[in-house]
Amino acid sequence: MLLELHQFGLSVGSTQLIENANAHIVDGQRIALIGPNGCGKSTLLRALAQPSGSPPTFGHQSPASASPREATRGAHTADPEVALTKRHDYFLIGTSGLRGSLAPASRASAKDEAANADTDEEAFDENIGVLLVEQDDLHWTHLLGSAAGTEAELREMTVPEALDMAAAVGGEVAVEHAEAWRQLAVAADHVLEWRTAGYDSTPIQELSPGSAVRAYLGLALLRPGVRLLLLDEPTNHLDLPSVMWLQAAIQASGKAVLMVSHDTAFLDAVANQVWAIDPATQTLTVAHTTCSKFLAARELALQQQEVAYEEQQERLKKLTAVANNLRSASTAGSHMVSKDNDKLQRDLKRDRAGRSGRKASAMQARIEREPMVERVQRRRPLRIVLDALAPDNDSAIVLDHVTLGYDSALPLPIPPISLRIDYGERIAIVGFNGVGKSTLLRALVGMQAPLSGDVRLGRALRLGNLTQEHETLPPSQTPRQYMADLTGLSAFDAGARLMQYGLTVRQVDSLIGELNPGARARALLAGFAARAVNLLVLDEPTNHLDTEAVAEVTATLNSYAGTVVVVSHSQEFLSQLQLTRIYRLSSDGLLELASLADFVDLTTEAVQSVVEKCWPA
Numbered sequence: 001m002l003l004e005l006h007q008f009g010l011s012v013g014s015t016q017l018i019e020n021a022n023a024h025i026v027d028g029q030r031i032a033l034i035g036p037n038g039c040g041k042s043t044l045l046r047a048l049a050q051p052s053g054s055p056p057t058f059g060h061q062s063p064a065s066a067s068p069r070e071a072t073r074g075a076h077t078a079d080p081e082v083a084l085t086k087r088h089d090y091f092l093i094g095t096s097g098l099r100g101s102l103a104p105a106s107r108a109s110a111k112d113e114a115a116n117a118d119t120d121e122e123a124f125d126e127n128i129g130v131l132l133v134e135q136d137d138l139h140w141t142h143l144l145g146s147a148a149g150t151e152a153e154l155r156e157m158t159v160p161e162a163l164d165m166a167a168a169v170g171g172e173v174a175v176e177h178a179e180a181w182r183q184l185a186v187a188a189d190h191v192l193e194w195r196t197a198g199y200d201s202t203p204i205q206e207l208s209p210g211s212a213v214r215a216y217l218g219l220a221l222l223r224p225g226v227r228l229l230l231l232d233e234p235t236n237h238l239d240l241p242s243v244m245w246l247q248a249a250i251q252a253s254g255k256a257v258l259m260v261s262h263d264t265a266f267l268d269a270v271a272n273q274v275w276a277i278d279p280a281t282q283t284l285t286v287a288h289t290t291c292s293k294f295l296a297a298r299e300l301a302l303q304q305q306e307v308a309y310e311e312q313q314e315r316l317k318k319l320t321a322v323a324n325n326l327r328s329a330s331t332a333g334s335h336m337v338s339k340d341n342d343k344l345q346r347d348l349k350r351d352r353a354g355r356s357g358r359k360a361s362a363m364q365a366r367i368e369r370e371p372m373v374e375r376v377q378r379r380r381p382l383r384i385v386l387d388a389l390a391p392d393n394d395s396a397i398v399l400d401h402v403t404l405g406y407d408s409a410l411p412l413p414i415p416p417i418s419l420r421i422d423y424g425e426r427i428a429i430v431g432f433n434g435v436g437k438s439t440l441l442r443a444l445v446g447m448q449a450p451l452s453g454d455v456r457l458g459r460a461l462r463l464g465n466l467t468q469e470h471e472t473l474p475p476s477q478t479p480r481q482y483m484a485d486l487t488g489l490s491a492f493d494a495g496a497r498l499m500q501y502g503l504t505v506r507q508v509d510s511l512i513g514e515l516n517p518g519a520r521a522r523a524l525l526a527g528f529a530a531r532a533v534n535l536l537v538l539d540e541p542t543n544h545l546d547t548e549a550v551a552e553v554t555a556t557l558n559s560y561a562g563t564v565v566v567v568s569h570s571q572e573f574l575s576q577l578q579l580t581r582i583y584r585l586s587s588d589g590l591l592e593l594a595s596l597a598d599f600v601d602l603t604t605e606a607v608q609s610v611v612e613k614c615w616p617a
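Taking UniProt numbering, the leading residue of the sequence shown gets 1, the next gets one more, and so forth.
So this is what it looks like as structure tokens:
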């Protein structure tokens, strides 16, 4: 066993996220951590990832607010009843907060670790134990050791340069790590087109987000000494072939993985267990099944519970009414006085009243003894309504021999693109990271001028660009203020509109800059609806949405009357969209595909060849 949660509670400030949880992780286990946005999934991962000592008790302080060094100092004064308990080669995480972190059996004693605390964080640790990969914050020093350089210094290097630096100071294991990367890069350069990322020539900080994440994930899976990987939305920024590669590589690596992802199909393919956080009950449920089967079983159980609750409430209502009638009859009978002052009849009526009273008491006791079915607490259902502004004849998008790139001296290595998109079409674009999909979208909507050729956007089109507007939302405004300014609605109506799109009362009046990405995406969708946009350009729209929101967005797009152009890595999302056409962008240009399934089949063969070379069975 690697790690165990025992009567574990997790809170941030005054907000309780998890109570009395019991779970454990063993070598090779692959676990899907699921739950709605804001329930504490990322917080739990950060808690488990503290690289040394103990994080703070979360009832008083957020895990992100304490450094590993501060956490280490806190471990020396921990309450022994809740402190870390080492059992064999794993740590037990006790009640009232999280204390301690994963370490393999071969690590030094606690005394030796304390003596070497200053150097352990710097060296290329052969027994790193646990590694967190966050969705938008990659820490290269955590992966390679700070002896190889500071975070800023490593980001100025190429991936091979950073690995060589780590190998120079890290010994034989670091050398093996660098060699494993080179083997992976060679295998994937052509069949998965990793060469387009420019890993050998481009500094880490200049890599596209997808290329950087892919390199980090590959290095993490190849990293000696890592026994548990904590992955927070690992498929964000990846292209579809890279998602398929990651799926196969996780399975082949043999490492234990606890992962958060909005992509149910990805979780189904990789995970063999589910941890589900329920914010309504603050519980962590463990199930030995796939994600989709768990969600289906949970929904069926909730529906059955709702029926049982309604039936019980109706039955109790009838029993209570009968008991009340008997009680009323008892009260009336006990005061009954016969008109002819007949003592025998008066006593008879009082006796009947007594029996009615006893029946009422027995019935009330029966009601009180009955186990109560809890009322199902469901989240406010998400409803997205996008009514497109009716266009005139000038509503097409035309690209005529467009060359893409940021510099005329360095155009993207793809042939010129010509494309016409008529109003109402739904177009998807797939391809490898770094090939230029996002650049194509920016050129298509006028955010970036092409190096040559013409782009014409119909004058009747009203654009909603999820990526651009996600980046330009006013961070110092609340969603209520943003919606009111955008639409002219009153503050009350603006808040009500936002809550229809899944924002909570607290989120409506929080600063946009403090919201999680999913809440910001919901605010944008509400804004699109208010503006009646008739052209949606969506670059990885599922990246920051939970499963419920993805399903609702899919249904909305399928009934949307306007034009949709989407780039997505999610095979599940794309397969559920009713697409007019699907294109692949590659070094051969923009080519129309017969179907998504054909592209997936070809990519599967390429992925398997790479994984078999780098993680042989």
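Quick reminder that beta carbons are idealized off the backbone N, C-alpha and C, glycines included.
Contact check, residue i vs residue j, beta carbons under 8 angstroms
i: Pro541; j: Leu511; result: no
i: Trp245; j: Leu163; result: no
i: Ala530; j: Leu486; result: yes
i: Asp268; j: Ser242; result: no
i: Asn22; j: Gly518; result: no
i: Leu228; j: Ile18; result: no
i: Leu240; j: Gln571; result: yes
i: residue 681; j: Leu441; result: Given that the chain is displayed from residue 1 to residue 617, the structure contains no residue 681 and the question cannot be resolved.
i: Arg459; j: Leu389; result: no
i: Arg497; j: Asn272; result: no
i: Val260; j: Lys41; result: yes
i: Val533; j: Gly488; result: no
i: Ala276; j: Ile34; result: yes
i: Met363; j: Val307; result: no
Coil, strand or helix - residue i by DSSP
i: Tyr423; result: coil
i: Gly225; result: coil
i: Met259; result: strand
i: Pro411; result: strand
i: Gly546; result: Looking at the sequence itself, residue 546 is Asp, so the reference to Gly does not match. It is coil, neither helix nor strand.
i: Val607; result: helix
i: Leu319; result: helix
i: Ser62; result: Residue placement at Ser62 is flagged as unreliable, the pLDDT there being 32, under the threshold of 50; the coordinate-derived value follows with that caveat. Correct three-state label for Ser62: coil.
i: Gly129; result: strand
i: Thr487; result: helix
i: Ser439; result: One point to set straight first is that residue 439 is Thr, not Ser, in the sequence displayed. The answer is helix: DSSP assigns Thr439 an H, G or I state.
i: Ser201; result: coil
i: Leu386; result: coil
i: Ser568; result: coil
i: Trp615; result: coil
i: Gln477; result: coil
i: Glu374; result: coil
i: Tyr309; result: helix
i: Gln183; result: helix
i: Glu193; result: coil
i: Leu602; result: helix
i: Ser106; result: Confidence at Ser106 is low in this model, with a pLDDT of 34, below 50, so its placement is unreliable and the value that follows should be read with caution. Here Ser106 sits in coil by DSSP.
i: Glu552; result: helix
Per DSSP, cross-strand counterpart(s) of residue i
i: Gln273; result: Ile31
i: Ile397; result: Ile421 and Leu457
i: Gln16; result: Ser11
i: Val402; result: Ile417
i: Asn465; result: Val537
i: Ala287; result: Val274
i: Arg584; result: Val430 and Leu591
i: Thr563; result: Leu535
i: Asp232; result: Val260
i: Ser452; result: Thr403
Presumed contact (8 angstroms Cβ cut-off) between residue i and residue j, rounded CB distance
i: Ala257; j: Leu231; result: In the sequence as displayed, the identity of residue 257 is Val instead of Ala. Val257 to Leu231, Cβ: 6 angstroms. Contact.
i: His262; j: Thr547; result: 6 angstroms
i: Leu138; j: Tyr216; result: 5 angstroms
Report task. Evaluate the contact criterion for the region 496-513 versus the region 433-440: three or more CB pairs, one atom per stretch, below 8 angstroms. Result -> no
**Report entry** Meets three-Cβ-pair contact criterion under 8 angstroms: the region 424-434 and the region 569-588
**Finding:** yes
Query raised in the report: Counting Cβ pairs closer than 8 angstroms, one from the region 203-214 and one from the region 174-183, do we hit at least three?
Result: no
Report task. Would you check if the region 443-452 and the region 476-483 touch, i.e. whether three or more CB-CB distances between them fall below 8 angstroms? Result -> no
**Report entry** At least 3 beta-carbon pairs within less than 8 angstroms: the region 588-604 vs the region 548-562
**Finding:** no
**Report entry** Cβ contact check for the region 366-375 and the region 394-401: 3 or more pairs under 8 angstroms
**Finding:** no
Report task. Kindly confirm or deny that the region 522-537 and the region 489-508 touch, where touching means at least three C-beta pairs closer than 8 angstroms. Result -> yes
Requested in this report: Say whether the region 307-327 touches the region 278-288, bearing in mind that this needs 3 or more beta-carbon pairs closer than 8 angstroms, one atom from each stretch.
Outcome: no
Report task. Report yes or no: do the region 132-152 and the region 166-182 share at least 3 C-beta pairs separated by less than 8 angstroms? Result -> yes
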